[in-house]
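Add 18 to the 1-based position in the sequence shown for the working numbering, that's all there is to it. Every residue, glycine too, gets a C-beta built ideally from N, C-alpha and C. Please read the structure below before turning to the comments.
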Amino acid sequence: MVENPRKHPIKRLQLELPRGAPFDLQALQRLDVSAQLAAHYVSSGWLLRLAQGVYAFPNDAFGVYGALGFLRQRVAGLHVGGKSALALQGVRHNLGTRETLTLWGDARFEIPDWFASRFPARYRHARLFDWAGESLAGKTLATPPGLPDGLPVSVPERAILELLYDVGVHQGLEEARNLFEGLRSPRKELMGQLLACCTSVKAVRLFLTWARETGVVDVDALLERFPVRTGSNRRWMSRLDDGTLLSLKPHG
Numbered sequence: 019m020v021e022n023p024r025k026h027p028i029k030r031l032q033l034e035l036p037r038g039a040p041f042d043l044q045a046l047q048r049l050d051v052s053a054q055l056a057a058h059y060v061s062s063g064w065l066l067r068l069a070q071g072v073y074a075f076p077n078d079a080f081g082v083y084g085a086l087g088f089l090r091q092r093v094a095g096l097h098v099g100g101k102s103a104l105a106l107q108g109v110r111h112n113l114g115t116r117e118t119l120t121l122w123g124d125a126r127f128e129i130p131d132w133f134a135s136r137f138p139a140r141y142r143h144a145r146l147f148d149w150a151g152e153s154l155a156g157k158t159l160a161t162p163p164g165l166p167d168g169l170p171v172s173v174p175e176r177a178i179l180e181l182l183y184d185v186g187v188h189q190g191l192e193e194a195r196n197l198f199e200g201l202r203s204p205r206k207e208l209m210g211q212l213l214a215c216c217t218s219v220k221a222v223r224l225f226l227t228w229a230r231e232t233g234v235v236d237v238d239a240l241l242e243r244f245p246v247r248t249g250s251n252r253r254w255m256s257r258l259d260d261g262t263l264l265s266l267k268p269h270g
C-alpha cells in the first residue's frame, strides 16, 4: 500500500516546499502546519528556525540567490545593485574572495541576521531616481546570463550611478574610478534617461566628469539631448571620509 504523504505533514513539507531557500510560517500554514506544530518540528530537528517565523530544512545549505528570492517577497524593489551588479556583468576591479553584496530597494529595511551571517551584505534605499514612469525602472533591471530566472540586477547604466552615489560613504573614490573605466559602451539613450531622472548631483557630476576624461560617452551631445540634473552652476564640493576634497564642475 502506498503511503499518503498528506497524512504526515513533515513528509508533505519535504515534498512541496522548495529546497535551497528559506520559507515562512505562512508557507507552513498553507500546508496545514501551525505555529505550534512548527515549533515541535524545530525541537525535533525536522526544521531549523532562522528567525521569528522564518525556517529552513536542516542541512539545506541554501545559497544567496534562494535567500534573496525569499527577501524579495518582503522588500519592495529589492535588487542587486551598484558594485555587485557591475561585478555580475563582468565589470570588476581586484574583486575579493568574499565581497559585500550591495542590495538596493524602495523602502527601509534591515538585513536580517540569518542572511547577513551567511552572506555579508549592505542595503541601500535612497530615492536615487525620480522615475517618470514604471517602464524605465523595470527596463533597468534584468537577470544576467547564468543566474536564476527572475533575479533582478541593475543593468550597467543604472549600476554605475548607484556606485557613484556611494562614493565617499561606502565606496572609495579610487576603486570607483577604476570600475568606471571598466564600463564599456553604455547605451547612450538609456544612460541619458537615467541621468535625467537621477536625483544625486554628486553621482551625475561624477559621471559627467569621468565620462569626459575617459570618452565613454559624448558628454556634450548627452547634455544637449537630455535634461540632465546637474544642480546649480557652482562647483559641488565635499570632503570625503578619507579626507579627499571632491570638487565637481556642473557639466564635467
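In the three-state scheme derived from DSSP, where H, G and I count as helix and E and B as strand, residue 133 is classed as helix. Within the model, the alpha-carbon separation for residue 62 versus residue 77 is close to 14 Å.
Residue 209 and residue 247 have their alpha carbons spaced roughly 13 Å apart. Residue 70 is classed as exposed because its beta carbon has fewer than 16 other beta carbons within 10 Å across all chains shown. Cα atoms of residue 186 and residue 43: separation of roughly 40 Å, rounded to the nearest angstrom. With a 10 Å radius around the Cβ and a threshold of 16 neighbouring Cβ atoms, residue 263 comes out exposed. Taking the C-beta atoms as reference points, residue 119 is found nearer than 7 Å to residue 137.
With a cutoff of 7 Å on beta-carbon distance, residue 183 and residue 221 are scored as near each other. For the stretch 37–76, the full-length beta strand (DSSP E) segments reaching 3 residues or more read 66–69 and 72–74 along the chain. Three or more beta-carbon pairs separated by less than 8 Å link the stretch 230–241 to the stretch 197–216, which places the two stretches in contact. For the 7 Å CB-CB criterion, residue 197 and residue 109 form a contact. Between the C-alpha atoms of residue 215 and residue 227 there is a straight-line separation of about 18 Å. Per the C-alpha coordinates, the member of 192, 207 and 244 positioned closest to residue 224 is 192. Counting along the chain, residue 256 sits inside the beta strand (DSSP E) bounded by residues 254–257.
In the three-state scheme derived from DSSP, where H, G and I count as helix and E and B as strand, residue 122 is classed as strand. Minimum Cα-Cα distance from residue 98 among the listed residues 51, 54 and 174 corresponds to 174.
Remark: C-beta atoms of residue 161 and residue 169 approach each other more closely than 7 Å. Per the C-alpha coordinates, the member of 259, 124, 64 and 229 positioned closest to residue 32 is 64. According to DSSP, residue 216 shares a beta bridge with 147. Using a 10 angstroms sphere on the CB of residue 74, the tally of other CB atoms reaches 16 or more, which defines it as buried.
The straight-line gap separating the alpha-carbon atoms of residue 189 and residue 257 is approximately 14 Å. Here the alpha carbons of residue 51 and residue 60 stand approximately 12 Å from one another.
DSSP places residue 153 outside any beta strand (DSSP E); the residue lies instead in the alpha helix (DSSP H), whose first and last residues are 152–157. By the CB criterion at 7 Å, residue 95 and residue 124 fall inside the cutoff.
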